[in-house]
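Below is one structure, written out as C-alpha cells; the observations come after it.
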Amino acid sequence: MNNVEAMIKYTHQTLSAEQTLKGGEVAIVGAGCGQLDLMTIKAARMVAQAEALVFDSLVSSDILTLVNAQCQRHFVGKRCGQPSTQQDDINALLLKLAQQGLKVVRLKGGDPHIFGRGAEEALYLANHGVRSQFFAGVTAALGSAASTGIPLTFRGVARSVTLITGTKMTDADNANAPTQWQALLAAQSTLVFYMGKEQAVGISHGLINAMCAANLPVAFVTNGGRPNQLVTYSTVGNMGHDALTIKNSGPTLIIIGEVVSVGLLLSQLLADIDDNTQHSFPQSESFEVLYA
8 MNNVEAMIKY THQTLSAEQT LKGGEVAIVG AGCGQLDLMT IKAARMVAQA EALVFDSLVS
68 SDILTLVNAQ CQRHFVGKRC GQPSTQQDDI NALLLKLAQQ GLKVVRLKGG DPHIFGRGAE
128 EALYLANHGV RSQFFAGVTA ALGSAASTGI PLTFRGVARS VTLITGTKMT DADNANAPTQ
188 WQALLAAQST LVFYMGKEQA VGISHGLINA MCAANLPVAF VTNGGRPNQL VTYSTVGNMG
248 HDALTIKNSG PTLIIIGEVV SVGLLLSQLL ADIDDNTQHS FPQSESFEVL YA
C-alpha cells in the first residue's frame, strides 16, 4: 500500500455521517488532471466508497485502483472525433443506478463544473428525485499552469483569466466574437481554450480579426499534469500551423497571453541552474576519485 492509499484508508476510517456516500445518492467527483496524487483526498474517499462508478476517458488507470473490486464500472468516455456516449444516455444510466439503491460515483476528468456537464447531470437527477453532491477537482488550466510554470495571472501582465471552450471556435462562430475578444485583450486577460487544438486556425483568425498582435505567445499543453506532458510553444499568427505538428492524441489545452513568455523565461532559467549544477558536481567527484 502506498502513502496515498494509506492516507485515504485512514481518513475513510474517521468519516462522519455527513461524509459518507449514501445508497441511492450520486457523488459527482472531479478526478483532477492526470495522476492520482492530483486528486483531493475527499474526492478519492468518495471513489473508494463507490458501488457503481461511471467514469470518463480522461480518468487515469492509477485512479481506478482506488475502486472496490465489487464495484460496477461503466465507461462513458467522450473524445473528439471518436464514437461517444450520448449525454442523455449517461443521465439515464446515473438515474438507473441510483434508483437501484447503489452508492454512485460519477467520476470526471478535471473539475465537474469546468466544461464537465456536472450541473446538467445534477439537475436531471434532482428532477427525478435523486440527490447529488459535488467534489471539486484540479481543472486542466490549473494543473497545466502548475506543471509548465506558466502563471495564469501575473502582476502587470495578466489581471484575469478566461476559460473558453474551443469546440465551437470556427470562422462562422467567430463572426460575432471580435468585440468580445477585444474586451478580453484590453482587460489583459489570459485566454485558456479547452478542447481547442482542432480549432486552432479558427481561434487564430478570430483573435487577429479582433486586432490581437500576431506575435502574442501561445502554449499548447498536451497531457497536462501527466508524466508524458508535451508543451508546444507558438504565437497567435502561427498557432494554426503549429497545432498540426502535435501528433499526440492526448487532450490539449491552449494558453494565450504574455504569461506564456513568463513561463518560458522561468523554464530557461531553471534549465540554466540544472546545467550549472551538472557542470559543477562532476568536477568535484573527479577530484575526489583522482586523489582518493
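Quick note: the sequence shown uses the working numbering, first residue 8, plus one each step.
Note that the Cβ used here is the ideal one computed from N, Cα and C, for glycine as well.
Look at G39 here: in three-state DSSP terms it is strand. Taking a 10 Å sphere around the C-beta of K204, we find 16 or more other C-beta atoms and assign the residue as buried.
Taking 8 Å as the cut-off, the beta carbon of V33 is found closer than this to the beta carbon of R113.
For A51, the enclosing alpha helix (DSSP H) begins and ends at 48-56. No Cβ-Cβ contact shorter than 8 Å links A147 with S196. Under the three-state reduction of DSSP, I210 is assigned to helix. Straight across, the Cα-Cα distance linking L73 with Q275 is about 38 Å. In the DSSP annotation of this structure, the continuous segment of the alpha helix (DSSP H) that includes L71 starts and ends at 68-71.
One alpha carbon belongs to A194, the other to G123, and they sit about 27 Å apart. Going by DSSP, S91 is part of no alpha helix (DSSP H) at all; its letter is neither H nor E.
Distances from the CA of I157 to each of Q93, V225, Q140 were compared; the closest alpha carbon is that of V225. Ranking G232, N283, L101, I263 by CA distance to the CA of M46 puts G232 first.
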